[in-house]
Structure formats: structure tokens, C-alpha cells
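Undergrad:
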Amino acid sequence: MSDTSKSHGLHLGLICVLALAYFVLPAYHSGNLASVMVIAIYAMGYNLLFGYTGLLSLGHALFFSAGLYGLGLMMHLADWTPLPAFAAGLIAALVVSAVIGFLILRTTGVAFMIVTLMFAQAGYLTILYFGKYTRGDEGFALQQASRQIAGYDLTDPGVRYYCALVLFSVTLLGLAYIIRAPFGRTLVAIRENEERARMLGYNVTAIKLKAVIVSGVVSGASGATYALLFGYAGATFATVQYSIFPLLWVLVGGAGTTVGPFVGALFMFYLIDYASGKTEAYLLVVGVTLVLVTLFLPHGIVGTIRTRFLRWLP
Amino acid sequence: MSKLIKPTPTLTRRTLLGTAAAAAATPLLGRYAQAQSSEPIRIGFQVHRTGIGASYGRWYDRTTTAAVKRINDMGGINGRPVEIVAEDDGTDPKRGAEVVEKFATQHNCDIGFGTLFSHVVYGSAPRAGELKLPYFVVSEGHHVASGALNRWTMQPAITDVKSQVQAMAPFVADNLGKKVTMIYPDFAFGHDHRDYFSEAIEKQGGEVVAKIAIPPSETSFTKYFPKIPRDTEVIYHVMIGPAVLTFVKEMGEFFGPSKPEIFGFLDSLEAVDINSPGLEFLEGTYFWEGHPRYAQADQSSHDKMYREAVGVDENGASVSDPKDVATYSHMFGCWETLNIVKRGMEAADYKSTADRSKLIEAIEEMSDMPLSDDHPQGAKRFNGKTHQTFGHQYISKVDSGKLVLAHTSSIEDTLYEDEVDYTTQSF
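Sequences listed follow chains A and B, in order.
Position 306 of the first sequence, counting from 1, maps to 306 under our numbering, and the rest follow consecutively.
Here our numbering = 1-based position in the second sequence + 314.
(1) L117/A CB to nearest chain B CB: under 7 angstroms?
(2) I want to know whether the region 514-534 of chain B touches the region 485-493 of chain B - three or more CB-CB distances under 8 angstroms.
(3) Take the Cβ of W249/A as the centre, count every other Cβ of all protein chains shown within 10 Å, and call the residue buried at 16 or more, exposed below.
(4) In terms of residues, what are the limits of the alpha helix (DSSP H) holding E575/B?
(5) With a threshold of 7 angstroms between beta carbons, is L128/A in contact with chain B?
(6) Which partner residues of D402/B appear in the DSSP bridge assignment?
(7) I want to know whether the region 454-463 of chain B touches the region 473-489 of chain B - three or more CB-CB distances under 8 angstroms.
(8) Can you tell me which of the three DSSP states D79/A falls into?
(9) Does chain B have any CB closer than 7 angstroms to the CB of R135/A?
(10) Per DSSP, what kind of secondary structure is A336/B in: helix, strand or coil?
(11) To the nearest angstrom, report how far apart K573/B and G647/B are at their CA atoms.
(12) So is S219/A in contact with chain B if we call contact Cβ pairs under 7 angstroms?
(13) Closer than 9 angstroms, Cβ to Cβ, to anything on chain A: give me those residues from the region 519-535 of chain B, in chain order.
(14) State the start and end residues of the unbroken beta strand (DSSP E) segment that holds H721/B.
(15) Using a beta-carbon distance below 7 angstroms, is Y316/A in contact with chain B?
(16) Might you give, ordered along the chain, the residues of its own chain that have their beta carbon closer than 6 angstroms to the beta carbon of S477/B, omitting 5 neighbours on each side?
(17) Do we get a CB-CB distance below 7 angstroms when we pair T155/A with the residues of chain B?
(18) So, is P84/A buried or exposed, given that buried needs 16 or more other C-beta atoms within 10 angstroms?
(19) Using a C-beta to C-beta distance shorter than 9 angstroms, which residues of chain B count as neighbours of Q144/A?
(20) Expressed to the nearest angstrom, what Euclidean distance is found between the alpha-carbon atoms of R465/B and P157/A?
(21) Might you give, ordered along the chain, the residues of its own chain that have their beta carbon closer than 6 angstroms to the beta carbon of L559/B, omitting 5 neighbours on each side?
(22) Do you know offhand how far V734/B's Cα is from S681/B's?
(23) Quick check on the DSSP output: the beta strand (DSSP E) that includes V697/B runs from which residue to which?
(24) Cβ of P407/B less than 7 angstroms from any chain A Cβ?
(25) Helix, strand or coil for Q350/B per DSSP?
(26) Using only alpha-carbon positions, find the residue among V252/A, I213/A, E194/A, G300/A that is nearest to S341/A.
(27) Can you name the residues of chain B whose CB is closer than 9 angstroms to the CB of G139/A?
(28) Where G658/B and S534/B are concerned, what is the direct C-alpha to C-alpha distance, given to the nearest angstrom?
(29) For Q420/B, decide whether its Cβ has a neighbour in chain A, counting only Cβ atoms nearer than 7 angstroms.
(30) Measuring alpha carbon to alpha carbon, tell me which of Q702/B, K656/B, P440/B, K672/B ends up nearest V382/B.
(31) By Cβ distance below 6 angstroms, which residues in the same chain neighbour A293/B in space, the five residues on each side in sequence not counted?
(32) Determine, using beta-carbon pairs with one atom in the region 178-198 of chain A and one in the region 8-28 of chain A, whether at least three such pairs fall under 8 angstroms.
(33) Using C-beta distances below 8 angstroms, list every residue in its chain close to A693/B, excluding the 5 sequence neighbours before and after it, in chain order.
(34) When DSSP labels each residue in this structure, what does V99/A get in the three-state scheme?
(35) Determine the chain B residues that contact G231/A at a beta-carbon separation under 7 angstroms, and present them in chain order.
(36) Kindly give me the distance between the Cβ atoms of H433/B and P395/B, rounded to whole angstroms, as I take these residues to be in contact under 8 angstroms.
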């Protein structure tokens, strides 16, 4: 069996396992899994830029929030139905990532990190500034009655789970395709040696801009999905904390692997959930665990498995 | 999606056999039901143990523990003991929603309770509504009464910011001055103060002569003070977070001894000792208090009992550590909410989670709640339509390093027109 076939098998197998998991897991865990799939979409979007292109952004919360508010404001203020509002979320993320990408790609390295952080902070303050519409830090709830598509109630546990699964699957397979396509190969080439890629004739800046846009739109899709399925939009999601989270999920799961972001998000969710149930000092437990993971699994969980055991892992 | 499929009842040989078997097992079922009825009432306590709300969370935790002990000492609720299932939400709206889900689907809690910060309430309430989990917040946000949430969410024991601010205007206009400059944080909480107070002071014949919004990331305030108009008679301030100490110190340096009247909300200084270095400038200024921090000369027996039960001394600090100042203006909400839940469950003859909607309806029926051991902060008037309570507000003056009660507003001062009728929403 070729590596490509094995990769397809892994992705489809994961989707099948998740599809079946709803039937066997208790309600609490299936609800958690829906949430994890949504944030894993965010992590996968981040991974495209960080794991495959080598650009470490500290401002992805801006793209997540663009999708979140793109959908949320249209539903909250203009009474749009979910599908057009979801499209608005994607368009908002597209526009924001294109404009921000155009500006931030003039920097590299540490400057890139700082500039992305500053833009995200500017986005956060913009949300607060327009508090009349966004309700600032408080945010707003999307009413249950409005969160329906073609008669399906998105607040129903089953509908919500499979809606999250569909979007997760589309993102996973789509990004897996992109990574194997010439565009994805070029991203890896830029990550490994940007000067060589440029010398070979690639328009590195244009390709990186495309990567920022794809990454931003996927992150925005995650934000829009969160608002739609969980009924809330607020400025907290635009804070620096929510820019650090995807970095953490990707590092723990495995940067530059297709399923690493999902594994990282799942691991982090249950680490916090389990530890907080055992001790009030759970943040200490989480911190120590992350230090240990970093020390002993420097490539992340999936990345280390790939390095040591399964070289074919995508 | 097998969980969504509901079986269609048809009379077959198998169902008849099943019915017979069920009938034979009825005595067992009865015994189980009895066992179940002695199960504790499980109250999911959504607590801010970490994050920006941690100082509040610590005292909410202590108050809740004391309230539950008192309820259990009195025989529990409907003969069942009360058990608290506490989960930290990190003062984060996403984690808040997950905690609510955990209460409903993993811990099988009867209700969720205890949330303070408004953004966590907004993030969690939709899930509570979807899971049909009665969700009692202790937040003072206007979110419940505004109609933005759902029928499963209530705020029965603490007044909201709109009524608090509105009730301050008559005192400010009559005693301090009519030309007010407002200084507030540039986010939703500050905007609520700006909007509600501006409207209320105009009704009293006063006016807001300047509105100075401070960005949330600000650490120095010197540049804002020159914006205060010279004809200002009263400065109305509400600052949140650690920067409040710098704010007060710099305001003192700016005005010196010739300061205008100053009125603030104690939210700024919850869990902060009023005698902290740098706060000397507050001497002679006025504060809103939800519940007087210092035991007053005419302290009620109810406040005395409540203070002792929670472990708060006469200066509003922990009896075991005088430096550990309580969030006294807010935490009574936990005590009173649990007593309201107790009364609601007793009125609804609450037996299991199947009776959750009966509990909501029973509380919606409530109205006046007199000053008592159940309500040590003061009398309340609950509005079942808006799911929001109304009650007395307190204004204290800083006198010799203590907050001395100067005025108590009437409940009528806090009332405003209904903005929603949750009772028209179906469960």
C-alpha cells in the first residue's frame, strides 16, 4: 500500500471513527467532541501557516473573530438565516486575512510575530470600540430559534455533532489535498528554505499571501461555526489568549501533520477537563504536562509517532 | 443518529410481555424511587476560580459553602441534602458553556448556579437553555432583564446594573451636584453605566458634562484628567481591575485638596482594602455598595448571622485574615439565590430533573422577599416576567477609613419598565 493510500485511509478512518463515536459515547463526551472538532478546524487553519509554511502568527484570533462576528452580527442585527450568515463569516475572514496578509508579509521572523500580535490587539480593541453593535467584551447570544437550517435544529445534540463533523471532515480532507498538491509542496519548500524557493523562481510573497488567506478563511470558518453551533459571540475570542491556543494545540499535536491539530485540541481539552475535576491547582498540572510533552515529544504527539514509528504519516 | 429516533408505541406480543415484566418489577421500582428521592440535590456551581474573576470566585465559593451548610443543617430541600458540584470556568465564556454541559450531562445536576462575569453568562446561557438546565446567575448584568437570554436563565437575588445606576441619580443630584463628569472603562460594563446614568441624571434635572472612556489596557490616567470640565460638580467613576489603585492615586495628585465631589461604584474596590496605600484620596468620597462592607451601627441581626456564617469580620474581611477583604457587595447573591432555589423547589414539590420546568414556574410566581436570614442584604421584589430581582441600594461615605452608610435607596427607585416577558416562551 502506498503512502498516499495510507494517508487517505487514516483520514477517512478518523472521520468514520468520529461518525460512529456519537453512538457509543455518553452525551457529555459526544458534546465535547463536537466542540473539539470545531476548534480543531481553527487549529488546522493555523497549522497550514505555522506547520507547513513556517510562519508563526500570534494574531490568528483576529481571523477566528472575523468569522465569528461575520456570522454573529448578520444573524443578531440583520436577522439573516444561518447559511447566508455563514457565507458572510467566510467573506469577513477572507477580507480581513487578505488585507492583514498584505501588510504583515512585509515582515519576517520575530517582527512577523509582533506585527500579527499587534493587529490582533487592534482587532480586539475595534470590537470593543464598536460596542454599540458588538456588545464589546460581554458579547451577545444567538437565539435558539434562529439557529436552524432546512428544519434542522442546530442546537439538537445530534444535529450539532454531525454538522461539526461535516465541517471538520471537509476541512481535513481539503487541507490534506492542498498539502499534497503543488501549492502545499511549495509551502513546505518555503518553510525549509525560503531563499532557495525564491531562487527557483517562485513568487514567495504571493504564495505566502495565499497561505495566509487560506489559513485565515479556515480559522474564520471555525469561528463562524462556533457562533452558529454554540450560540455566542464575544470579544474574548479576539484576545491574545485565543491566538496562543491554536499554537499550543498544534505544537502538542504535531506541527506539519494533518491530524496533529485535532489530536492536540482533543488532548488539551481533556487534560484541562480531567485535571480540573481532580484538583483546584489544575493549571499547574496542565503546565507541568505541557513541559513534559515538550521535553519528551519535541515534535508533538503525532509528529513524534511519525518520526519514530510511522514515517508515512501525513 | 439513533439518539434522535423516538420509538413509535405499537401493541405487539413483545410489548405486552414487556408490560407484564414491568408490572412484576413494580415493587423494585418503588424501592429505587425511594432511594432516588433521598439522593442529594446536586447544584452545579460555576465558579471563577481562575482568570480575571478569581478574587470574586474565592468569596462566592465561601458564601456558597456557608449557604449550603445552613440549608443542610435545616434539613435540606424537600428532605434531601444539598450537594455542590463546583467547576472552574476560568472566567471564560467558552469554558463556561462546557462547564454547563458538564453539569447537565455528566454530573446530572439539578441546576446550574453562581456565574458572575457577564461575558461568561452570555457564553453559557444558550447551552443552559438548550440543555433545559435551570441556570441562576449572580452577575448584576442587565443581560437577563434585557430579554437577551432565555426562560431557563434567572437572576433572582442580585439587582442588575441598570437599576443600580438608576437608583444613584436622585442622591447624586440632590446631595452632590448636578453637573457630572463620568469616567468609566471603555467596554460593555462601562458603557452600561454611561448610558443608564446619563438618562437617569437628566430625569433629576442634572446633566453629564463629559464622558471620559478609558481603554481597558490603560495603565496611567494622568492624560485623562485635564479633560474634566472646570464646571464639574461631581466625578462619577467606575474602574475595574488592578489599575484602579493607580487611577485613584493619580486623581489625588491631579486635584490635590480642592477636589470636586466624587462618587464611585465599589465594584472598583471589591476585595481591596479601602485603607490601601494610595487610596487616602478617597476619604470623604461616596460609593455605591450592594451590601455595606463594614458592619454599621444599626446592623441587622440577619447581616450579623450571615457575616458569622460566611466568616467575615465587622470590617468586611475574612475572620482568619484581616487582609483578605471580601467581595461583600456581590457575594450575598449566592446566599440568597440558594435560599430562593430552596423555596422554589419546595413550592414545586421538586423531586427530580424532570421537574426542572416546575422549578422555573414556581420561582416566576415569587414576588416580595422580606429582609430575613434568607435575604440578609435587604428586601427584594422579584419580577417573574423578566426573571430579574429589584432591591435596595446603599450609598456609603468614606469616613476615617471606613465606609459609613449615608443613604439607602427604596426598591421603587430601582424599578424600570419590563423589557421582556419570559413566561410567554415555551420550555
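Quick reminder that beta carbons are idealized off the backbone N, C-alpha and C, glycines included.
Please read all numbers here as calculations on a predicted model, not as lab measurements.
TA: Straight from the coordinates:
(1) In the first sequence, counting from the first residue as 1, residue 117/A sits at position 117. Chain B contact via Cβ: absent.
(2) yes
(3) Counted from its first residue, the first sequence places residue 249/A at position 249. Result: buried.
(4) Counting from 1 along the second sequence, the entry for residue 575/B is found at position 261. It is not in any alpha helix (DSSP H) - E575/B instead sits in the beta strand (DSSP E) that spans 575-579.
(5) The sequence position of residue 128/A within the first sequence is 128, counting from 1. Cβ-Cβ to chain B under 7 angstroms: yes for L128/A.
(6) In the second sequence, the residue the question calls residue 402/B occupies position 88. Per DSSP, V361/B.
(7) yes
(8) Reading the first sequence from its first residue, position 79 is the one you call residue 79/A. Coil, per DSSP.
(9) By one-based count along the first sequence, residue 135/A stands at place 135. Yes, R135/A counts as interfacial toward chain B.
(10) In the second sequence, counting from the first residue as 1, residue 336/B sits at position 22. Below a pLDDT of 50, predicted positions are generally treated as unreliable, and A336/B, at 46, falls in that range; no measurement from the model is reported.
(11) Working through the second sequence from its first residue, we reach residue 573/B at position 259. Working through the second sequence from its first residue, we reach residue 647/B at position 333. One C-alpha to the other measures close to 35 angstroms.
(12) The residue labelled residue 219/A in the question sits at position 219 within the first sequence. Chain B contact via Cβ: absent.
(13) P529, P530, S531
(14) Position 407 of the second sequence, counted from the first residue, corresponds to residue 721/B. From DSSP, the beta strand (DSSP E) with H721/B extends over 716-722.
(15) It is not possible to answer for residue 316/A, since the shown part of chain A is limited to 1 through 314.
(16) Stepping through the second sequence from its first residue, residue 477/B is reached at position 163. Hits under 6 angstroms: F704, T728.
(17) In the first sequence, counting from the first residue as 1, residue 155/A sits at position 155. So yes, T155/A belongs to the interface.
(18) The residue labelled residue 84/A in the question sits at position 84 within the first sequence. It counts as exposed.
(19) Residue numbering aside, residue 144/A sits at position 144 when the first sequence is read from its first letter. Residues of chain B passing the Cβ test: P440, G443, E444, N464.
(20) Residue 465/B sits at position 151 when you count from the first residue of the second sequence. Residue 157/A sits at position 157 when you count from the first residue of the first sequence. Each residue's alpha carbon lies about 19 angstroms from the other.
(21) As a position in the second sequence, residue 559/B is number 245, starting the count at 1. Here the set comprises G592.
(22) As a first step, residue 734/B is located in the second sequence; it is residue number 420 there, counting from the start. As a first step, residue 681/B is located in the second sequence; it is residue number 367 there, counting from the start. Cα to Cα, the separation comes out at about 17 angstroms.
(23) Translated into positions along the second sequence, residue 697/B becomes position 383. Note that residue 697/B is Asn in the sequence shown here, rather than Val. Unbroken beta strand (DSSP E) run through N697/B: 694-697.
(24) Here residue 407/B refers to the residue found at position 93 when the second sequence is read from its first residue. Yes - at least one Cβ of chain A is within 7 angstroms of the one on P407/B.
(25) On the second sequence, position 36 is the one that residue 350/B refers to. Unreliable placement is indicated for Q350/B, whose pLDDT of 49 sits below 50; no coordinate value is reported for it.
(26) The structure shown has nothing for residue 341/A, since chain A only spans 1 to 314.
(27) To locate residue 139/A, count along the first sequence from 1; it is residue 139. Ordered by position in chain B, the residues that pass the 9 angstroms Cβ test against G139/A are P407, S432, H433, Y436, G437, A502.
(28) Position 344 of the second sequence, counting from 1, holds the residue named residue 658/B. Position 220 of the second sequence, counting from 1, holds the residue named residue 534/B. Looking at the two C-alpha atoms, the distance is approximately 48 angstroms.
(29) For the purposes of this step, residue 420/B is taken as the residue at position 106 of the second sequence. It does; some Cβ of chain A falls within 7 angstroms.
(30) On the second sequence, residue 382/B is found 68 positions in, with the first residue counted as 1. The candidate whose alpha carbon is nearest that of V382/B is K656/B.
(31) This structure cannot settle anything about residue 293/B, because the visible part of chain B is limited to 315 through 741.
(32) no
(33) For this step, residue 693/B is matched to residue 379 along the second sequence. Cβ within range, chain order: D682, M683, P684, L685, G705, H706, I725.
(34) As a first step, residue 99/A is located in the first sequence; it is residue number 99 there, counting from the start. Of the three classes helix, strand and coil, the one that applies to V99/A here is helix, per DSSP.
(35) In the first sequence, counting from the first residue as 1, residue 231/A sits at position 231. Per Cβ cutoff of 7 angstroms: P440.
(36) The residue labelled residue 433/B in the question sits at position 119 within the second sequence. The residue labelled residue 395/B in the question sits at position 81 within the second sequence. Not a contact, Cβ separation roughly 33 angstroms.
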